[in-house]
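Trainee: The sequence shown begins at 0 in numbering that gives the first Met the number 0 and counts up one residue at a time. Virtual Cβ for every residue (Gly too), placed ideally from N, Cα, C. Below is one structure. I have some questions about it.
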Amino acid sequence: MSAEEPQDGSPEEGEDLRYFIRIGQTDLDGTKTVERSLTDMKGIGKRTARIIADAAEVDRTALFGKLPEDEIDSVVDVVENFEDHSPEWMVNRQKDFFSGETAHITGSDLEEKRRHDINRMKMISSYKGVRHQRGQKVRGQRTKSTGRTEGTIGVNVEEIKEAQAEE
């Protein structure tokens, strides 16, 4: 085998492969497919990534780093304006408490909004806010047998044996 031939599908030297594509404040992997790479972004799951690829008219199985610049720009545009390309029930921020708008939030903005919502629940002392303050389960899970954070519960056999040995 000559040194000029690529091995096992590795990219050739002449190919233009962008290893990182920046959308918002997130670097996406250019060596993955469009659909898989988009799921690395917070706020975008498998179904949302598929809809984004279809709305941008991009082959979702193509490598993200090999796409031409105009197709990458169309994907970025659809991600930033996802609420325009999807039904209202699919976005992750419906009827915002303060603004009343419907939007789809991604990246670090999603974490910030989530923290803000939890702090608001704590301030008004709602049931969920009180559970967050105490560090307990919030969504109705069982707490009798799971989620224990204190030390071990049960009989400590070693202490019993030491006490019997001293007697």
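If Thr-32 and Arg-49 are in contact, beta carbons under 8 Å, what's the gap, nearest whole angstrom?
Mentor: Actually they do not touch by this definition, with Cβ atoms about 11 Å apart.
Trainee: On the CB-based measure, 16 or more other CB atoms within 10 Å of its CB, does Thr-105 come out buried or exposed?
Mentor: Looking at its Cβ environment, which holds 16 or more other Cβ atoms inside 10 Å, Thr-105 is buried.
Trainee: Count the other CB atoms within 10 Å of the CB of Leu-27; is the residue buried (16 or more) or exposed (fewer)?
Mentor: With 16 or more Cβ atoms within 10 Å of its Cβ, Leu-27 is classed as buried.
Trainee: For Ile-123, does the three-state DSSP call read helix, strand or coil?
Mentor: Ile-123: coil per DSSP, three-state reduction.
Trainee: Measuring CB to CB, does Tyr-18 end up less than 8 Å from Gly-64?
Mentor: Yes.
Trainee: Between Asn-118 and Gly-42, is the Cβ-Cβ spacing less than 8 Å?
Mentor: No, Cβ-Cβ distance for Asn-118 and Gly-42 is not below 8 Å.
Trainee: Compute the distance between the beta-carbons of Ile-22 and Met-40, then report whether it is under 8 Å.
Mentor: Cβ distance < 8 Å, so Ile-22 and Met-40 count as in contact.
Trainee: In terms of residues, what are the limits of the beta strand (DSSP E) holding Ile-20?
Mentor: Here the beta strand (DSSP E) through Ile-20 covers 19-22.
Trainee: Rounded to the nearest angstrom, what separates Ala-54 and Arg-114 at their Cα positions?
Mentor: Answer to the nearest angstrom: the Cα atoms are 31 Å apart.
Trainee: Report yes or no: do the stretch 92-111 and the stretch 65-84 share at least 3 C-beta pairs separated by less than 8 Å?
Mentor: Enough Cβ pairs lie closer than 8 Å, so yes.
Trainee: Could you give the C-beta distance for Leu-66 and Thr-30, rounded to a whole number, given that I count them as a contact under 8 Å?
Mentor: Contact doesn't hold; Cβ gap of about 12 Å is too wide.
Trainee: Quick one, which of Lys-112, Val-57, Ile-51, Leu-109 has its alpha-carbon nearest Pro-86's?
Mentor: Here the closest residue by C-alpha is Ile-51.
Trainee: Apart from the five residues on each side of it in sequence, which residues of its chain come closer than 6 Å, Cβ to Cβ, to Met-120?
Mentor: Within the same chain, Met-120 has close Cβ partners Lys-127, Gly-128.
Trainee: If we call anything under 8 Å between Cβ atoms a contact, is Val-57 one with Glu-70?
Mentor: Contact flag set, yes.
Trainee: Mind checking who Arg-92 pairs with in its DSSP beta bridge?
Mentor: Looking at the DSSP assignment, Arg-92 forms a beta bridge with Ala-102.
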